[in-house]
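>
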Amino acid sequence: MTKKYDFKSIEKKWQTIWEQEKLFDTTIDKTKKKFFGLIEFPYPSGAGLHVGHPRSFTAMDIISRKRRMQGYNVLFPIGFDAFGLPTERYAIKAGIHPAVATKQNIENFTRQLKSMGFSFNWGGVINTTDPRYYKWTQWMFIQMFKAGLAYKGEETISWCPECKIGIANEELENGHCERCGSEVVKKKKSAWILKMQSYSDKLIEGLKSVDFPENIKKMQIDWIGKSTGSEIDFEIKDTNEKLKIFTTRPDTIFGATYMVISPEHPLIEKLSSKIKNLDAVKDYQSKASKKSDFERTQLQKNKTGVKIEGLVVINPFNKKEIPIYTSDYVLMGYGTGAIMAVPAHDDRDYEFAKKFNIPMIEVIAGGNINETAYTKDGPHINSEFLNGLNNEEAINKINTEIEKLGIGKQSVKYKMTDWVFTRQRYWGEPIPMVYCEKCGWVPLDEKDLPLTLPDVSDYMPTDEGLSPLAKATDWVNTTCPHCGGPAKRETDTMPTWAGSSWYYLRYMDPHNDKEFASKEALNYWGQVDWYEGGTEHVTRHLLYSRFWHKALYDMGLVPYDEPYKKRSVHGMILAENGEKMSKSKGNVVNPDTIVSQYGADTLRIYEMFIGPFDQAAAWSTNSMIGIYRFLNRVFDLTEKVKDIPMTQKDTQIIHQTIKDVSERIEEMKFNTAVSALMICSNYMGEKEAIPKTMMETFTKLLSPFAPHISDEMWEILGHNNRLAYENWPQYDEKALQTTSVNIVVSVNGKKRFETEIPTNLSEEETKEKILSLENVKEYIKGKNVKKVIVVPNKLVNLVI
RNA sequence: GCAGAUGUGGCGGAACAGGUAGACGCAAGGGACUUAAAAUCCCUCGGGCAUUCAAACGCCCGUGCCGGUUCGAUUCCGGCCAUCUGCACCA
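Numbering (the working numbering), first residue to last: 23 to 822.
#1: With a cut-off of 8 Å on the beta carbons, I'd call THR150 and PHE102 a contact; round off their distance for me.
#2: Would you mind listing the beta strand (DSSP E) stretches within the segment 92-165 that are 3+ residues and don't spill past its ends, in chain order?
#3: From which residue to which residue does the beta strand (DSSP E) around LEU659 run?
#4: For the structure I just gave you, are there three or more beta carbon pairs, one from the segment 32-52 and one from the segment 89-100, closer than 8 Å?
#5: Rounding to the nearest angstrom, what Cα-Cα distance links MET668 and ILE616 in this structure?
#6: Roughly how many angstroms lie between the CA atoms of GLU542 and TYR582, to the nearest whole one?
#7: Where do the N-terminal and C-terminal ends of the beta strand (DSSP E) with PHE407 fall, by residue?
#8: Would you call GLY117 buried or exposed, if buried means 16 or more other Cβ atoms sit within 10 Å of its Cβ?
#9: From the DSSP output, in three-state form, read off MET594 for me.
#10: Keeping to the same chain, check which residues put their C-beta closer than 7 Å to that of SER137; ignore five residues upstream and five downstream.
#11: Secondary structure at ASN819, three-state DSSP: helix, strand or coil?
#12: Across which residues does DSSP place ILE187 in a beta bridge pair?
#13: Which stretch, first to last residue, makes up the beta strand (DSSP E) that contains LYS56?
#14: Quick one: what does DSSP say TYR586 is sitting in, helix, strand or coil?
#15: Less than 8 Å separating the beta-carbons of ARG744 and LEU45?
#16: In chain order, which continuous runs of the alpha helix (DSSP H) of length 4 or greater are located wholly inside the segment 203-239?
#17: With three or more C-beta pairs closer than 8 Å as the rule, is the segment 343-363 touching the segment 277-295?
#18: Only counting the same chain, and skipping five residues up and downstream in sequence, which positions put a Cβ closer than 7 Å to that of ILE32?
#19: Between the Cα of ARG528 and the Cα atoms of ALA375, GLN37, TYR481 and LEU60, which residue gives the shortest distance?
#20: Specify the secondary structure class of GLY175 as computed by DSSP and reduced to three states.
#21: How is the alpha helix (DSSP H) around TYR526 delimited, first residue to last?
#22: Is the Cβ-Cβ distance between TRP736 and MET91 less than 8 Å?
#23: Please name the residue in LEU353, GLN670, GLU598 and ASN130 whose C-alpha comes closest to that of LYS437.
#24: Helix, strand or coil for ALA363, going by three-state DSSP, please let me know.
#25: With respect to the beta strand (DSSP E) encompassing VAL478, which residues constitute its N-terminal and C-terminal limits?
#26: ALA387 and ALA366 look like a contact to me (Cβ under 8 Å); what is the Cβ gap, rounded to whole Å?
#27: Check this for me: beta carbons of PRO653 and ALA728, under 8 Å apart or not?
#28: In three-state terms, what does DSSP make of GLN670?
#29: Give the secondary structure of TRP449 by DSSP, where H, G and I count as helix, E and B as strand, and everything else as coil.
#30: Could you give the DSSP three-state label for PRO272: helix, strand or coil?
#31: Any contact of the segment 584-591 with the segment 551-571, i.e. 3+ C-beta pairs under 8 Å?
#32: Please state the DSSP three-state secondary structure of PHE256.
#33: Which residue wins for smallest C-alpha separation from ASP73, given the options LYS168, ALA640, GLY247 and GLU800?
#34: Spell out a yes or no on whether the segment 166-177 and the segment 217-233 are touching, meaning 3 or more CB-CB pairs, one atom from each, closer than 8 Å.
#35: For MET23, which residues of its own chain have a beta-carbon under 6 Å away from its beta-carbon, when the five flanking residues on both sides are left out?
#36: Could you tell me the boundaries of the beta strand (DSSP E) in which GLN432 lies?
This is the structure in structure tokens:
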């Protein structure tokens with residue numbers, strides 16, 4: 023009787039069994055080695071799962087399933103990162119509560135994820151919008167506040183006029199809001215801020231101890247943007263004020279022909295009485311403030327500015343007077359908001375100087391400053407005591423002089439700013455802080471956590487940009503936890519990145535209502551062993567959560583100073599034409615369609631087969647049919663299984679397959695792992711009868727990729743247990759050996775023919791064997807063999 | 001502009017401590033089965049030349065372009081070109 027591969031009933035059957043048996047539910051088991059595999063938990067949008075999700079999820083599911091079979095106690099958890107603007111928007115539009123929308127979306131995601139057969143720890147699902155979860159997000163915020171890591175500041179923030187929300191630098195795309203695409207403007211707002219910049223060095227340093235791809239490390243290092251330079255004070259002539267500038271090239275100080283201060287620089291206000299063209303300066307200031315970040319970047323190549331008449335600084339080394347300009351190419355938010363401009367040796371200064379006809383002084387030889395700024399190394403000229411020195415020597419020398427004169431010091435600056443931890447939105451964690459006229463900002467008592475979101479009738483921010491929570495006056499008005507007097511609650515909520523900054527810790531102990539996770543769980547599960555996710559989160563989520571974790575570590579709350587031991591990244595799944603999949607383009611593929619047409623196992627393997635895991639890949643429903651055929655053939659193989667011993671060739675093939683599949687999973691070369699399985703199944707397909715042990719081993723190797731069909735086949739092969747906890751096959755190096763090998767014979771590097779000889783002949787033996795061949799005699803007849811190159815078991819090259 | 005990555009058949013892609021280029025799969029063409037179609041199975045499948053009834057065999061070219069190192073280069077080195085990703089006036 024031929025049994026057909028009926029994926030629908032097979033997948034349903036096994037998903038039900040796994041669920042009933044709670045096969046993948048995880049608890050601490052100290053008798054086993056642990057493995058903590060993590061995928062970035064999804065944002066449960068109304069659109070449902072995207073075909074991009076299964077690429078990453080299947081990869082980690084394969085690794086987790088393999089680890090389980092290798093005897094590890096595996097934690098492979100799932101949860102939902104559910105606070106955020108899209109849900110709030112949807113809720114406003116549909117007129118339902120965001121919590122209701124979230125619940126529906128999570129249900130839909132859960133159904134979809136279960137239909138894919140992922141071996142998640144379904145007993146420990148978390149949801150960042152659950153008060154039992156965000157209680158601990160709030161608790162951690164309070165700990166940071168107490169440790170001095172969170173403060174309320176007045177900050178110039180990027181403001182999206184469309185979303186009415188403050189935007190962190192990380193959420194900007196070319197000066198546009200990454201959500202709605204509007205141009206962002208500058209706005210002063212009071213905001214909660216986390217002192218992330220103070221962790222810059224630790225975040226760079228910590229990368230040494232973790233296994234991240236090099237380019238990911240580099241992206242984080244570049245994002246943090248550490249640069250070492252010097253701060254130098256320039257006296258402002260006829261005043262008591264000094265202009266403090268920051269430069270990485272103090273050695274070029276003799277080439278400074280003008281200074282630039284940012285339009286927001288406080289000195290303009292302070293010395294306004296001395297400025298002769300105050301109107302022009304003020305006018306420029308107001309124009310600059312109205313420019314969006316987008317305009318500023320667009321105008322990169324077209325510098326603007328105004329000379330500040332009436333103010334000059336004195337070069338401390340040659341006492342020359344230097345004029346001051348204000349220009350928005352100098353940013354108040356970086357360094358000291360002021361620079362010394364050396365047009366001969368800096369591209370930006372060069373451009374500005376050309377436009378404003380400012381003279382240049384060449385101080386490093388080697389370039390041609392008539393054409394372009396020279397920014398490379400060379401001997402210093404026109405620089406008094408620095409003449410003749412190279413860049414490094416000159417920098418050291420000038421720094422010594424600067425310190426001797428007491429006019430500055432070496433200093434380190436970072437591009438990465440502190441984390442603006444405030445959103446004027448409803449659908450986020452309430453910030454557990456209260457403002458009291460007498461006591462200032464006071465955190466809630468921990469026993470009063472969680473501080474839950476109040477019910478409000480409308481989720482729009484106020485026109486002044488206050489969070490909708492401000493409208494819930496009953497909720498806002500409270501008493502001070504410190505003095506008991508009247509006080510008001512903070513009405514801003516936390517950004518989306520809050521809940522995701524520590525979720526992996528909650529996974530270790532998801533139901534604990536005494537602590538965010540017990541010490542026992544934190545110690546047992548330790549670091550995340552392998553964290554799989556997308557590149558788009560490298561400078562946002564990944565950096566935030568590393569910071570958050572390090573802060574917890576410094577407070578003694580977690581036992582390791584880095585959360586993730588190893589990180590891998592996957593490429594995006596693109597639409598068939600190579601474009602990004604997006605709702606607006608209408609080219610989104612819904613995994614549900616594929617699962618119902620071909621089955622989850624086919625979709626899983628297809629996504630692994632589609633191309634190199636770390637590279638982008640274009641979807642092709644057409645190509646998926648090949649995987650479906652493969653699984654059908656594999657299923658049919660069970661009919662040919664007999665209780666017979668394996669031949670030597672069988673042994674060699676199956677051991678080669680064990681080796682290839684095992685190694686390639688570890689290297690995330692899933693596409694070639696699948697092809698190794700195909701080669702093995704093609705081989706078995708040609709046989710009259712397949713030895714049972716061979717088929718069993720093959721089924722085990724297939725199971726992480728296609729768990730449903732594998733458990734079904736395992737049952738057909740006469741087993742009544744689950745493959746998930748069977749032993750992962752081991753290969754034997756000796757079994758891989760063949761008795762004869764093909765040797766390529768080439769002449770002068772060109773392949774001529776191949777021939778079979780016994781395996782493992784020595785170089786001498788191979789040479790003899792080959793030279794005695796009739797073919798070879800033909801080729802070398804009448805010619806002079808200069809050299810014979812032998813690569814044992816591979817090739818012989820005759821040089822004639 | 002800076003940094004990183006990638007360029008291989010009609011397509012997705014294999015093979016890189018230098019050693020048979022095109023594994024595996026898709027598409028295409030031919031055949032078998034069928035009344036027919038689908039499904040399935042078998043064969044062919046980078047380009048060119050010559051030979052042949054036909055096939056095999058044979059020879060030449062071919063891994064973005066130009067050069068170099070080497071007995072031998074998709075792989076290493078130098079210089080270009082193109083595409084993608086990240087960052088972007090950070091002094």
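All C-beta atoms, glycine included, are put in the ideal place defined by N, C-alpha and C.
So, from the data block:
#1: About 7 Å separates the CB atoms of THR150 and PHE102; that is less than 8 Å, so the two are in contact.
#2: You should have 95-97.
#3: No beta strand (DSSP E) contains LEU659, which is instead part of the alpha helix (DSSP H) from 643-659.
#4: With a cut-off of 8 Å on Cβ pairs, the segment 32-52 is in contact with the segment 89-100, counting three or more such pairs.
#5: Those two C-alpha atoms are separated by around 37 Å.
#6: Per the coordinates, the alpha-carbon of GLU542 lies some 13 Å from the alpha-carbon of TYR582.
#7: Unbroken run through PHE407: none, as it is neither H nor E.
#8: Label assigned to GLY117: exposed.
#9: Three-state result, MET594: coil.
#10: Here the set comprises VAL617 and ALA622.
#11: If DSSP states are grouped into helix, strand and coil, ASN819 belongs with the strands.
#12: Looking at the DSSP output, ILE187 sits in a beta bridge with CYS182.
#13: It spans 56-61 - the beta strand (DSSP E) in which LYS56 sits, taken as one unbroken run.
#14: TYR586: strand per DSSP, three-state reduction.
#15: Yes, the pair counts as a contact, with Cβ atoms nearer than the cut-off.
#16: Listed in chain order, the complete alpha helix (DSSP H) runs (minimum 4 residues) inside the segment 203-239 are 222-228.
#17: Yes: at least three Cβ pairs fall under 8 Å.
#18: Once the five neighbours on either side are set aside, the close Cβ partners of ILE32 are HIS730, ILE731 and GLU734.
#19: Comparing Cα positions, the closest option is LEU60.
#20: Residue state, collapsed to three classes: strand.
#21: 525-529 is the extent of the alpha helix (DSSP H) around TYR526.
#22: Judged by their CB atoms, TRP736 and MET91 are not nearer to each other than the 8 Å cut-off.
#23: Residue LEU353 is the option with its Cα nearest to LYS437.
#24: In the structure shown, ALA363 sits in a strand (DSSP, three-state: E or B).
#25: Here VAL478 belongs to no beta strand (DSSP E), and DSSP marks it neither H nor E.
#26: No, ALA387 and ALA366 are not in contact; Cβ-Cβ is about 11 Å, not under 8 Å.
#27: Strictly speaking, residue 653 in this sequence is Leu, with Pro absent from that position. Yes. Within cutoff.
#28: Correct three-state label for GLN670: helix.
#29: Coil, per DSSP.
#30: If DSSP states are grouped into helix, strand and coil, PRO272 belongs with the helices.
#31: The segment 584-591, when compared against the segment 551-571, does touch it at the 8 Å Cβ threshold.
#32: Correct three-state label for PHE256: strand.
#33: Before going further, note that residue 73 is Val rather than Asp in the sequence given. Across the set LYS168, ALA640, GLY247 and GLU800, the C-alpha of ALA640 shows the shortest separation from the C-alpha of VAL73.
#34: Enough Cβ pairs lie closer than 8 Å, so yes.
#35: Any answer about MET23 is weak, because its pLDDT of 37 lies below 50 and its placement is not dependable; what the coordinates show is given next. None.
#36: Note, GLN432: beta strand (DSSP E), 430-435.
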